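Visitor: So that we are looking at the same thing, I have put the structure below in structure tokens.
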Amino acid sequence: MHRRRFAMALAIVTAAASLSAQTAAREQLVRGRSLWDQRLSKSAIAALEAAARDRTTAAEAHEMLGRIYIFKGWQQENVFPGWHDEPSYRARALAELRAAVAADPARASAQEALHLAEGFAAAEKVDPAPPRDEVKALDAKLESYRSAASAPITDIFAAIEARAKAQADPAPYFTGAQLLIDRGELDRAIAMAERGAAASDRFIDENLSAYQMSGKSQGSYARGRATAADLIGWALFLKKDDAAAAAKLEEAARLSQSQDFVNQFHLGELARAQNAPERAREHYLNALSLSGGPPPLRQRATQALSAMPRRASDASFDAWLETELSRRRDERKAAALKSLVDRSLPKLTLTTVDGRPYDTSSLRGKVLLLNFFASW
Amino acid sequence: MPHLKTAYAKYQGDPNVAFLLISIDEDTARLQRYLTEMKFPFPVARAAAVDAQQVMRFDNIPSTFYVDRDGVVRYQIGGNESHGDSPARVSWFIDQLKSR
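These protein sequence lines map, in sequence, to chains A and B. All you need for my numbering is the position in the first sequence, starting with 1, plus 44. All you need for my numbering is the position in the second sequence, starting with 1, plus 1220.
Here's what the structure looks like:
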């Protein structure tokens, strides 16, 4: 009698435990799916792998993982800047989808995905995934506020949040910051650009490629941070805080290696406002020698230059400008060919000050400052 | 170069950051005098001037390279930087690379 009651209690406890494990697995599955919708890969995969360990959610979770790996293996080329197909995921896609079918042979969507992956594996070339309609529509909505000067600011905020919720890349924050700047909402623009910088870092962390060349992700981090720093600097300039503006705009220049049109234009505007015509001229010329930048800003840079005094011996403005721009383009090309930036540190024979071989093994894996100097 | 000493104070004891000065002096006695005077808190090595400038592709002396954990050069700054807020700039470069 006692024993039976004990057995029953045990059965209930076990059932409750497995029920709560199922609930947890179901939650992980839902979480993983929503994280993947936002393109937060690393967290999505972790959640789905947890869900795949529970029998009741295994088929769905394996299928979802398979679909993520299909995207990573065959369909992510240039979907975001710096993203490339990662063939190492292809075998994993097939393995996950086979596991999904094995877990639930009747699951039609898993079989469909498996056929898709097998088709991709046999194909010569697979087109990248097109932008999703939902995200495209939210982007268009946000863009529409550029020409809707009377729209309430709360609508803009709602559009930014809606787009950011749909996909976790930083673009809506940066677009939003620009919209807020255009409306003179400078403090809110600065806060929005800061959110963009944080979103950018996270988005890159979440989507680091397994075998990415180290240079790639560094460039992506720098791009996001440069965009944020330039927006913040420009908002500070419009707030007439020139010192703080200079610090941010120059930070953006370091991050973009002075190769961003808009940032160089902004530095030109700042220098002009500070009554530093030489510096302004350099920045405007730098800007115009770079490609990109919206035509109205290019025109403003050209106008600013033409209004500046030149030496009497200079030829016509157009001829002078062309000479200056092509000189800068040539210099940039030569510097890029020569520079070690983004290349591996070459082997260099070092000795100690008293001439013995210098052991560099303790420097490996560290952030390193190397300063070549001479005491003369 | 005092700005490097100032900047280094922030990273002394940090196992993930290293500073290395590389002298391209030919005159050892002169270099020794300079080092005695400067008392750098980080190591100093030597390289042959022609070698160093060719391999590291720099014209300006001094030249500073910031290298990330993976051994990739990320920033190259030519010329003397010892003006203004240079320790802040030095640590800005290092913090950029540390945060990745």
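Heads up, the beta-carbon is just placed ideally off N, CA and C, and yes, glycines get one too. Since the model is a prediction, treat every value here as computed from it, not as a measurement.
What whole-angstrom Cβ distance do R372 (chain A) and L311 (chain A) have, given they're in contact under 8 Å?
Guide: Locating residue 372 (chain A) in the first sequence gives position 328, where the first residue counts as 1. Locating residue 311 (chain A) in the first sequence gives position 267, where the first residue counts as 1. Incorrect: roughly 15 Å between the Cβ atoms, too far for contact.
Visitor: Answer with yes or no whether the minimum CB distance from P390 (chain A) to chain B is below 7 Å.
Guide: Reading the first sequence from its first residue, position 346 is the one you call residue 390 (chain A). Yes, its Cβ sits closer than 7 Å to a Cβ of chain B.
Visitor: Inspect the beta-carbon positions of A139 (chain A) and I114 (chain A) and report whether they are closer than 7 Å.
Guide: For this step, residue 139 (chain A) is matched to residue 95 along the first sequence. For this step, residue 114 (chain A) is matched to residue 70 along the first sequence. No; because the gap between Cβ atoms is not below 7 Å, this pair is not in contact.
Visitor: If you draw a straight line from the C-alpha of D213 (chain A) to the C-alpha of R176 (chain A), how long is it?
Guide: Position 169 of the first sequence holds residue 213 (chain A). Position 132 of the first sequence holds residue 176 (chain A). About 13 Å.
Visitor: What are the start and end residues of the beta strand (DSSP E) that includes I89 (chain A)?
Guide: Your numbering for residue 89 (chain A) matches position 45 in the first sequence. Looking at the DSSP string, I89 (chain A) is not in any beta strand (DSSP E); the run it does join, the alpha helix (DSSP H), is S85 to A96.
Visitor: One question on the structure: do G336 (chain A) and R1289 (chain B) come within less than 7 Å of each other, judged by their Cβ atoms?
Guide: The count along the first sequence starts at 1 and reaches residue 336 (chain A) at position 292. The count along the second sequence starts at 1 and reaches residue 1289 (chain B) at position 69. No, Cβ-Cβ distance for G336 (chain A) and R1289 (chain B) is not below 7 Å.
Visitor: If you drop the 5 nearest sequence neighbours on each side, which residues of the same chain put their C-beta closer than 6 Å to that of A348 (chain A)?
Guide: What you label residue 348 (chain A) is simply residue 304 of the first sequence in a count that begins at 1. The answer, listed in chain order, is Y328.
Visitor: For the alpha helix (DSSP H) containing T1284 (chain B), list its first residue and its last residue.
Guide: In the second sequence, residue 1284 (chain B) corresponds to position 64, counting from 1. Element bounds for T1284 (chain B): not the alpha helix (DSSP H) but the beta strand (DSSP E), S1283 to V1287.
Visitor: How about the stretch 410–417 of chain A and the stretch 1275–1293 of chain B: do they share at least three Cβ pairs that are nearer than 8 Å?
Guide: The count of Cβ pairs closer than 8 Å, one atom from the stretch 410–417 of chain A and one from the stretch 1275–1293 of chain B, reaches three, so the stretches are in contact.
Visitor: In the DSSP assignment, the alpha helix (DSSP H) including S350 (chain A) goes from what residue to what residue?
Guide: Within the first sequence, residue 350 (chain A) is the residue found at index 306, counting from 1. Looking at the DSSP string, the run of the alpha helix (DSSP H) that includes S350 (chain A) is P339 to S350.
Visitor: Check each residue of the stretch 1279–1290 of chain B: if its Cβ is closer than 8 Å to any Cβ of chain A, include it; give the result in chain order.
Guide: I1281, P1282, S1283, T1284, F1285, Y1286, V1287, D1288, R1289 and D1290
Visitor: Starting from S1311 (chain B) and walking both ways along the alpha helix (DSSP H), at which residues does that stretch end?
Guide: Within the second sequence, numbered from 1, the residue matching residue 1311 (chain B) stands at position 91. Note, S1311 (chain B): alpha helix (DSSP H), S1306 to K1318.
Visitor: Do we get a CB-CB distance below 7 Å when we pair D1245 (chain B) with the residues of chain A?
Guide: Within the second sequence, the letter at position 25 stands for residue 1245 (chain B). Closer than 7 Å to some Cβ of chain A, the Cβ of D1245 (chain B) qualifies, so yes.
Visitor: Touching or not, the stretch 101–117 of chain A and the stretch 71–90 of chain A, by the rule of three or more beta carbon pairs under 8 Å?
Guide: Cβ pair count under 8 Å is three or more, so yes.
Visitor: Check the Cβ-Cβ distances between Q1232 (chain B) and every residue of chain A, and say whether any is below 7 Å.
Guide: Within the second sequence, numbered from 1, the residue matching residue 1232 (chain B) stands at position 12. So no, Q1232 (chain B) is outside the interface.
Visitor: Could you compute how far the alpha carbon of S153 (chain A) sits from the alpha carbon of L293 (chain A)?
Guide: Here residue 153 (chain A) corresponds to residue number 109 of the first sequence, with the count starting at 1. Here residue 293 (chain A) corresponds to residue number 249 of the first sequence, with the count starting at 1. Answer to the nearest angstrom: the Cα atoms are 50 Å apart.
Visitor: Where G117 (chain A) and A105 (chain A) are concerned, what is the direct C-alpha to C-alpha distance, given to the nearest angstrom?
Guide: As a working mapping, residue 117 (chain A) is identified with position 73 in the first sequence. As a working mapping, residue 105 (chain A) is identified with position 61 in the first sequence. For G117 (chain A) and A105 (chain A), the distance between alpha carbons rounds to 18 Å.
Visitor: Just how far apart, CA to CA, sit Y255 (chain A) and R134 (chain A)?
Guide: By one-based count along the first sequence, residue 255 (chain A) stands at place 211. By one-based count along the first sequence, residue 134 (chain A) stands at place 90. Confidence is the limiting factor: at Y255 (chain A) the pLDDT is only 48, short of 50, which leaves the residue's position unreliable, though a coordinate-based value still follows. In a straight line, the C-alpha of Y255 (chain A) is about 14 Å away from that of R134 (chain A).
Visitor: Between E295 (chain A) and A273 (chain A), how many whole angstroms is the CB-CB distance? I'm expecting something under 8 Å.
Guide: Against the first sequence, residue 295 (chain A) aligns to sequence position 251. Against the first sequence, residue 273 (chain A) aligns to sequence position 229. Confirmed, Cβ separation roughly 5 Å.
Visitor: Assign A210 (chain A) to one of three DSSP states: helix, strand, or coil.
Guide: On the first sequence, residue 210 (chain A) is found 166 positions in, with the first residue counted as 1. Three-state DSSP puts A210 (chain A) in a helix.
Visitor: Spell out whether any CB of chain A is found under 7 Å from the CB atom of I1297 (chain B).
Guide: By one-based count along the second sequence, residue 1297 (chain B) stands at place 77. Not an interface residue.
Visitor: Name, in chain order, the residues that DSSP records as bridge partners for P421 (chain A).
Guide: This structure leaves residue 421 (chain A) out entirely; chain A is present only between 45 and 420.
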